[in-house]
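Novice:
In my numbering, the protein residues as written are 772 to 993.
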């Protein structure tokens, strides 16, 4: 399906594109689908395009359809092997079919200015944890947020806190992970985010061509 020709309406954000990691299942409770719709509507209001995993089912389907119907661009990135499993019916927006999961994550990271995780399973958690790790390593400086719907990520956040207490995560690195129970609260935190952790390797030492540019408001050129 071709990209929606409509344009987003209402207020602008410092982010042009946000990558959303989320489940290919809807979850057992309506609150999760509602959160996907809320996030999709907020992206439309703020004129933010969507980068996501390319599926048309579960929470992925809900948020992609919402953003597309709102007139914003939708880019789905999906490995060839998952196409028959995660795409049902017509695709939404632009879909890039890639060879494997590594290429998928690299493209999603390159195209996005920030990352948000809705509730999801192992794949969602693996993807967002990799973005957190890349931030810690100094590969990118983009905000990473968990939309903690009805406390879904409480246990994961507690695990991070325990990592600090046990000496495996530095307190400054713990601050990489932003979280909030509502979309508006999370967006505010992400727009105010300023990296304060010690990077494992200097940001300039990584090949940044793979991950694109950053929002100028966040990281002005040196």
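Don't be surprised by glycine CBs; every beta carbon is placed ideally from N, CA and C.
Since residue 797 contacts residue 829 with CB under 8 Å, what's their CB separation in whole angstroms?
Specialist: Counting from one through the chain shown, the residue named residue 797 turns up at place 26. Counting from one through the chain shown, the residue named residue 829 turns up at place 58. Contact flag correct, Cβ pair sits at about 5 Å.
Novice: Does the segment 809-823 come within contact of the segment 931-940, defined as at least 3 CB pairs closer than 8 Å?
Specialist: Contact fails between the segment 809-823 and the segment 931-940, because fewer than three Cβ pairs, one in each stretch, are under 8 Å apart.
Novice: Do the segment 797-808 and the segment 862-878 make contact, defined as three or more Cβ pairs closer than 8 Å?
Specialist: no
Novice: Buried or exposed for residue 827, please, with buried defined as at least 16 other CB atoms from any protein chain shown within 10 angstroms of its CB.
Specialist: If you number the chain shown from 1, residue 827 lands on position 56. Under this definition residue 827 is a buried residue.
Novice: How would you call residue 929, buried or exposed, if buried means at least 16 neighbouring beta carbons within 10 angstroms?
Specialist: Translated into the one-based positions of the chain shown, residue 929 becomes position 158. Exposed.
Novice: Quick one: grab the DSSP three-state call for residue 792.
Specialist: What you label residue 792 is simply residue 21 of the chain shown in a count that begins at 1. Of the three classes helix, strand and coil, the one that applies to residue 792 here is strand, per DSSP.
Novice: Within a Cβ cutoff of 7 Å, which residues of the same chain sit near residue 872, ignoring the five residues on either side of it in sequence?
Specialist: Position 101 of the chain shown, counted from the start, is the residue given in the question as residue 872. In chain order, 850 place their CB closer than 7 Å to the CB of residue 872, counting only its own chain and leaving out the 5 sequence neighbours on each side.
Novice: If we call anything under 7 Å between Cβ atoms a contact, is residue 838 one with residue 794?
Specialist: Locating residue 838 in the chain shown gives position 67, where the first residue counts as 1. Locating residue 794 in the chain shown gives position 23, where the first residue counts as 1. Contact: no.
Novice: Which whole-angstrom value describes the C-beta separation of residue 788 and residue 884, a residue pair presumed to lie in contact below a C-beta threshold of 8 Å?
Specialist: Here residue 788 corresponds to residue number 17 of the chain shown, with the count starting at 1. Here residue 884 corresponds to residue number 113 of the chain shown, with the count starting at 1. The pair is a contact, with the Cβ atoms about 6 Å apart (cut-off 8 Å).
Novice: Any chance you could list the alpha helix (DSSP H) runs of at least 4 consecutive residues sitting entirely within the segment 797-881, in chain order?
Specialist: Taking only runs of at least 4 residues, the alpha helix (DSSP H) segments lying wholly in the segment 797-881 are 801-816, 829-840 and 854-857.
Novice: In chain order, what residues of the same chain lie with their CB nearer than 8 Å to the CB of residue 786, ignoring the 5 residues before and after it?
Specialist: Taking the chain shown and counting its residues from 1, one reaches residue 786 at position 15. Excluding sequence neighbours, residue 786 sits near 817, 819, 884, 885, 961, 962 and 986.
Novice: I'd like to check one pair, residue 918 with residue 887: are the Cβ atoms closer than 7 Å?
Specialist: Working through the chain shown from its first residue, we reach residue 887 at position 116. Working through the chain shown from its first residue, we reach residue 918 at position 147. Between residue 887 and residue 918, the CB-CB gap stays under 7 Å.
Novice: Just the C-alpha distance for residue 858 and residue 792, rounded to the nearest angstrom, thanks.
Specialist: Here residue 858 refers to the residue found at position 87 when the chain shown is read from its first residue. Here residue 792 refers to the residue found at position 21 when the chain shown is read from its first residue. Those two C-alpha atoms are separated by around 16 Å.
Novice: Under DSSP, the beta strand (DSSP E) around residue 948 begins and ends at which residues?
Specialist: Within the chain shown, numbered from 1, the residue matching residue 948 stands at position 177. Taken as a continuous stretch (DSSP letters only), the beta strand (DSSP E) holding residue 948 covers 948-951.
Novice: Measure the alpha-carbon distance for residue 908 versus residue 957 and round it to whole angstroms.
Specialist: Your numbering for residue 908 matches position 137 in the chain shown. Your numbering for residue 957 matches position 186 in the chain shown. Approximately 23 Å between the Cα atoms of the pair.
Novice: What residues in its chain sit with their C-beta under 8 Å from that of residue 889, if we drop five residues either side in the sequence?
Specialist: Within the chain shown, residue 889 is the residue found at index 118, counting from 1. Spatial neighbours of residue 889 in its own chain (CB-CB distance under 8 Å, excluding positions within 5 residues in sequence) are listed in chain order as 791, 792, 793, 794, 803, 806, 807, 810, 830, 834, 895, 918 and 920.
Novice: Roughly how many angstroms separate the alpha carbons of residue 877 and residue 800, rounded to a whole number?
Specialist: By one-based count along the chain shown, residue 877 stands at place 106. By one-based count along the chain shown, residue 800 stands at place 29. Taking the straight line joining both Cα atoms gives about 31 Å.
Novice: Determine the contact status of residue 947 and residue 910, defining contact as a CB-CB distance below 7 Å.
Specialist: Taking the first residue of the chain shown as position 1, residue 947 is located at position 176. Taking the first residue of the chain shown as position 1, residue 910 is located at position 139. No, these two residues do not count as a Cβ contact at 7 Å.
Novice: Within the continuous beta strand (DSSP E) that includes residue 916, where are the two ends?
Specialist: Taking the first residue of the chain shown as 1, we reach residue 916 at position 145. Residues 915-918.
Novice: Once you ignore the five residues that flank residue 836 on each side, which residues in its own chain have a CB closer than 7 Å to its CB?
Specialist: To locate residue 836, count along the chain shown from 1; it is residue 65. Once the five neighbours on either side are set aside, the close Cβ partners of residue 836 are 863.
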